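Residue numbers (my numbering), protein chains in the order written: chain A, 139 to 342; chain B, 139 to 342.
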């Protein structure tokens, strides 16, 4: 099994979205796989005493400007959602359900569905806090809607996400995106280049 | 008069320290001067609803690790101070006093004294919240101790710093370092490279 880049993110995180589109290239370059780890920042913020960026005076305005400027720099589309931030439980649960699915054809679509949810929210203006929207986006990626709809209500799937959030807190994940390589944490879309240098140099 | 890079910082900010050692090179590259703007994050945090990084669970531990890792990457010395964060009123006042001094030989030492205070705190382990330490550090840079000691108590000098903090808030400065070029803000030591690209490309 190849080494991974653990990629922790909340679907409601603009910087998570931007980094999600760039992390695979870094992983490929260093012969690693991306381990997609959707989490819920709301639950983590209760532990860390944080709150969504955009809720703060001064910092909030900068953040909304910076989401867009950061996207423009790397020529990625970004349209700040009307409804922001949102609850991303359904989207996150579906990824955990897929990621550890016994059917490898479903499991193999995990990365594509991560991208599809992000695109739905940050490019197409769809509100992925709505479970029906999540089901539609998944269906467009070839996931059976009824099967996923049932899965999202299963206690084991709900528990899997809770477990993931708690495991992330154990690893001191406090933001999105947070990338962990060989136990070393890097927080933020603006640390992608630093992570790349870290892997190239084998640390410093 | 050449164009500037406005460089807002608190002497108690590790990322401000690291960026202070790199910003001159970026400024030189783009034929700009560095406009040193010491501010007080404590006063700004009252407006922005923020608090020092290291006071937050999870995020605080990461921050202390990251101060050191960020310094190591660019081979700058960094020793996390025992007393952290600290009040930096005396150091900030002294910079404002020098920066607009009618004696050009005093004014010309502004940048050097910024570096000297940062070095005292982050390299030599001196507590620059102590006004006597500030006077000693300034004296070592050729500033008359008695003159500065009196200046630091002058209402006009105290008011100058207050004015600077309020002006920074007007410009939506909420952190340290924050760099403004031609009205465009960049927040964080990890945005130095982005600022460099912005100046090279003339924006995007």
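Just so you know, even glycine gets a beta-carbon here, dropped at the ideal spot from N, CA and C. Because the structure is a prediction, the values reported are computed rather than measured.
- Around the beta carbon of residue 275/A, a 10 Å sphere encloses 16 or more other beta carbons of the protein chains shown; the residue is thus reported as buried.
- Between residue 270/A and residue 262/A, the alpha-carbon positions lie close to 15 Å from each other.
- In the DSSP secondary-structure assignment, residue 322/A is bridged to 319/A.
- In this structure the stretch 288-308 of chain A lies against the stretch 180-196 of chain A, because at least three pairs of beta carbons, one per stretch, are closer than 8 Å.
- For the 8 Å CB-CB criterion, residue 248/B and residue 237/B form a contact.
- Taking 8 Å as the Cβ-Cβ cut-off, the stretch 155-188 of chain B approaches chain A at 182, 185, 186, 187 and 188, given in chain order.
- Counting the other CB atoms within 10 Å of its CB gives residue 341/B a total below 16, which places it among the exposed residues.
- DSSP places residue 175/B inside the beta strand (DSSP E), whose first and last residues are 171-176.
- The three-state reading of DSSP puts residue 312/A in coil, since its state is none of H, G, I, E or B.
- In this structure residue 333/A is in contact with residue 319/A, their Cβ atoms being roughly 7 Å apart against a cut-off of 8 Å.
- Think of a sphere of 8 Å around the beta carbon of residue 200/B: the chain A residues whose beta carbon falls inside it are 310, 312, 323 and 325, in chain order.
- The Cβ-Cβ distance between residue 232/B and residue 301/B does not fall below 8 Å.
- In terms of beta-carbon proximity, residue 328/A lines the interface with chain B, with at least one pair separated by less than 8 Å.
- According to the DSSP secondary-structure assignment, residue 144/B is paired through a beta bridge with 173/B and 318/B.
- Within the stretch 243-289 of chain A, the alpha helix (DSSP H) runs of at least 4 residues that lie entirely inside it are, in chain order, 248-260 and 269-278.
- Of the candidates 176/B, 313/B, 214/B and 241/B, 313/B places its Cα closest to the Cα of residue 188/B.
- In the three-state DSSP reduction, residue 211/A falls in the helix class (H, G or I).
- At a cut-off of 8 Å between beta-carbon atoms, residue 195/A makes contact with chain B.
- Annotation for residue 162/B: the continuous alpha helix (DSSP H) segment containing it runs 161-167.
- In the DSSP assignment, residue 183/A falls within the unbroken alpha helix (DSSP H) covering 179-186.
- Sequence-ordered contacts of the stretch 204-221 of chain B with chain A read 210 and 211 [C-beta pairs closer than 7 Å].
- Contact between residue 149/B and residue 278/B does not hold, since the beta-carbon distance rounds to 16 Å and is not under 8 Å.
- DSSP places residue 222/B outside both helix and strand once states are collapsed to three, so it counts as coil.
- Comparing alpha carbon positions, the residue from 167/B, 172/B and 242/B closest to residue 316/B is 172/B.
- Under a 10 Å Cβ-count criterion, residue 289/B is classified as buried, with 16 or more other Cβ atoms of the shown protein chains found around its own Cβ.
- By the 16-neighbour rule on beta-carbons within 10 angstroms, residue 280/A is exposed.
- Taking 8 Å as the CB threshold, residue 342/B lines the interface with chain A.
- The DSSP-derived three-state label of residue 190/A is coil.
- Non-local beta-carbon contacts of residue 185/A in its own chain, meaning distances under 7 Å to residues more than five positions away in sequence, involve 307 in chain order.
- In summary, residue 201/B is buried, with 16 or more beta-carbon neighbours lying within 10 Å of its beta-carbon over all protein chains present.
- Of the residues assessed, residue 227/B falls on the buried side of the cut-off, its CB having 16 or more other CB atoms within 10 angstroms.
- Annotation for residue 198/A: 191 and 192 place their beta carbon closer than 7 Å to its own, counting only its chain and skipping 5 residues before and after.
- Assigned with DSSP and collapsed to three states, residue 291/B falls in coil, not helix or strand.
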